[in-house]
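If you're matching positions, the sequence shown starts at 798 in our numbering and goes up one per residue. Ideal placement from N, C-alpha and C gives every residue a C-beta, glycine not left out. Below is one structure; the comments refer to it alone.
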Amino acid sequence: MGRGIAMVAAAAGHQVCLYDANGHASAQAVATIQQQWQRQADKGKLSAEEVAHLCARLSRAEQLQQLADAGLVIEAIVEDLAAKQALFCQLEQIVAVDCLLASNTSSLSISAIAAAMAAPQRLVGMHFFNPAPAMRLVEIVHGLATDADLLAQVRATARAWGKETVLVRSSPGFIVNRIARPFYLESLRCLQDGLADCATLDRLLQHSGGFRMGPFALMDLIGLDVNLAVHRSIWQAMCYDPRYTPLWIQQEMVAAGWLGRKSGRGYYRYPQDQTAEPDRLHVGQPDCRQIICNPAQPVAVVLAQRLQQAGVQLAPQHAAADWLFRIGSAHVCLSDGRPAAQREQAEQQPCLLLDQAFDFQHVSLLAAQSSPGLSPAQRQALEQLLNAAGIRLCHLPDAAGLPVLRTVAMLVNEAADVLQQGLASAEDIDHAMCLGLNYPQGPLAWGRRLGYGWLAQVLRHLADYHGDGHYRVAGWLQQQAFSSLSSPAEVL
């Protein structure tokens, strides 16, 4: 990470000096950076003159005292509190009083690091994302003692380097690493509970949820040991809140040495497993019986348009109930976090439950669950209906909630907690998740589209089923429930 930050600063026109307690490491870092610039020149992305200017701005220090003239020092050493405290205690005695001191920590408290300093107000968090030259986001983190003017200076510096910044109070995981926990944990819980395998869950989160990568492929890329360490760090820092509890399967994988790409095996084998793609969808006309559509549901309206374009005749019937389509007594509904069996018992009708999708206008794959009373013929008729709209179903065992719904509900819930605790603004929360992790939409905006009150209801259903405190509804989200308990207000 330090090399990437150095490249960003040099590209912005600064003289950059690298220091490492291991002199060989700093020399190797300089050589590696210069090689990367040369490779960019070989590809025509930089001119020879630009490479020469960049290399001239780069140097290394053999002693920490050689940083005495620095205007900004960014620390990117091992994630160890004592080591960082010791380094900043040394630095504040070496650099000028107006030198900016920043830590690139991704998980440690800025307040805790600064506590060992004579002038704790001098320290700010400047959390870059990897790879720093390519990733646009920098989280600017202020501890309890951080000087406000320092925050403004560091934020202006990051922006001058072409980065987009968000401001967050020092807290476990800051914005991105904290709010992202459910993206991994919900699929891990689905895997551990036997709902689906990792390849299926990855496909659903990508194709239905609109995420750039599935959680298991992403954990393999990050490193399972790194991902577990972040989980544990946040869980411990949050006083062992069950919302963040790591799962035994994570610990088992790490204990086995299956760490992902870097070890050749994680949730997948590397070179990459060749996971079979679904067979081509053969679309025929659905069951010839009358198909009833409920236009009171926005998702039904969108899917009805797709069906009508395919030549399917529908009969509209406005209903207060939240079903989308009906063939005879069999209903198609969106999951609301209850198992299909519970839904059938409460509503006295067999049903096929569908997962959420980021974009129902174009989605081609959805997870589904069937209630016990849904006959094979009814299930086939409903599946043919959705196939006619160009949607393949991935049938999962009946349980509380489906993967995309559970993931999105918990992402929104976590973002709501961060907002309620005053750690960051709503705008910065959404901006951070889109820039830092390439989410298709910020969680608070996503929740607003679905309906905050409806999501609170979903979480209550999940909490009732699991009973372990994991799905506890955030207070802010609970408050929104007082204004609306309707189904999704807008089409996802």
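Do Met798 and Ala873 come within 8 Å of each other at the CB atom, strictly closer than that value?
Yes.
Kindly provide the ranges of any alpha helix (DSSP H) runs that are 4 or more residues long and lie completely inside the region 1136-1162, ordered along the chain.
List check, alpha helix (DSSP H) in window: 1137-1144.
Should Ala822 go down as buried or exposed, given a rule of 16 or more other Cβ atoms within 10 Å for buried?
That one is exposed.
In terms of residue numbering, what span does the alpha helix (DSSP H) encompassing Met1050 cover?
From DSSP, the alpha helix (DSSP H) with Met1050 extends over Trp1045 to Ala1052.
Can you find the residues in the same chain that come closer than 7 Å, C-beta to C-beta, to Gly1054, ignoring five residues on each side of it along the sequence?
Cβ within range, chain order: Ser1060.
Confirm, please, whether the CB-CB distance from Gly1134 to Pro1255 is below 8 Å.
Note that residue 1255 corresponds to Val in the displayed sequence, not to Pro. Yes, the pair counts as a contact, with Cβ atoms nearer than the cut-off.
What are the start and end residues of the beta strand (DSSP E) that includes Glu757?
The structure shown does not extend to residue 757, since the chain is modelled only from 798 to 1289, so the question has no answer here.
Assess, as a yes-or-no matter, whether the region 1215-1226 is touched by the region 961-980 under the definition of 3 or more beta carbon pairs within less than 8 Å.
Segments in contact, yes.
Can you give the beta carbon distance from Ala865 to Cys814, rounded, assuming they're within the 8 Å contact cut?
At roughly 11 Å, the Cβ-Cβ gap does not stay under 8 Å, so Ala865 and Cys814 are not in contact.
Exposed or buried, Cys1296, counting other C-beta atoms within 10 Å across all chains shown (16 or more means buried)?
The first residue shown for the chain is 798 and the last is 1289, placing residue 1296 beyond what the model contains.
Of the residues Tyr1065, Met1010 and Gly991, which one's Cα is nearest the Cα of Arg1000?
That would be Met1010, whose Cα lies nearest to the Cα of Arg1000.
To which residues of the same chain is His1263 closer than 8 Å at the C-beta, ignoring the five residues directly before and after it?
Once the five neighbours on either side are set aside, the close Cβ partners of His1263 are Ala1197.
Would you tell me roughly how many angstroms separate the C-alpha atoms of Arg1257 and Ile972, rounded to the nearest one?
One C-alpha to the other measures close to 24 Å.
Can you grab the Cα-Cα spacing for the pair Gln1139 / Gln1146, in whole Å?
Taking the straight line joining both Cα atoms gives about 11 Å.
Under the DSSP definition of a beta bridge, which residues are partnered with Val870?
BP columns for Val870 point to Leu898.
Where does Val848 sit, in a helix, a strand or coil, going by DSSP?
Helix at Val848.
Residue ranges of each beta strand (DSSP E) run of no fewer than 3 residues wholly in the region 886-942, ordered along the chain?
Counting only runs of 3 or more, we get 897-900, 920-925 and 934-939.
Could you give the first and the last residue of the continuous alpha helix (DSSP H) run that contains Glu1224?
It spans Ala1223 to Leu1234 - the alpha helix (DSSP H) in which Glu1224 sits, taken as one unbroken run.
Three or more C-beta pairs under 8 Å: does that hold for the region 1205-1218 against the region 1238-1252?
Yes, they touch.
Output yes or no for whether 8 Å exceeds the beta carbon distance between Leu1190 and Ala1165.
Yes; because the gap between Cβ atoms is below 8 Å, this pair is in contact.
Alpha carbon to alpha carbon, what distance is there between Ala996 and Ala879?
C-alpha separation (whole angstroms): 40 Å.
Taking 7 Å as the limit between beta carbons, can you name the residues of its chain near Val848, skipping five residues before and five after?
Closer than 7 Å at Cβ, skipping near neighbours: Trp834, Gln835 and Ala838.
Round the Cβ separation of Tyr1249 and Gln1277 to the nearest angstrom and send it over; I've been treating them as touching at under 8 Å.
With 8 Å as the limit, Tyr1249 and Gln1277 qualify as a contact, their Cβ atoms being about 3 Å apart.
Look up Leu1220 in the DSSP assignment and say whether it is helix, strand or coil.
Three-state result, Leu1220: coil.
Quick check on Val1099: does DSSP put it in helix, strand or coil?
Val1099: helix per DSSP, three-state reduction.
Is it true that the CB of Leu1021 sits closer than 8 Å to the CB of Gln1003?
No; because the gap between Cβ atoms is not below 8 Å, this pair is not in contact.
Can you round the beta-carbon distance between Pro1039 and Asp1261 to whole angstroms, since I take them to be within the 8 Å contact cut?
About 15 Å; that fails the 8 Å criterion.
For the structure I just gave you, are there three or more beta carbon pairs, one from the region 945-959 and one from the region 1013-1030, closer than 8 Å?
In short, these stretches do not touch, since the Cβ pair count stays below three.
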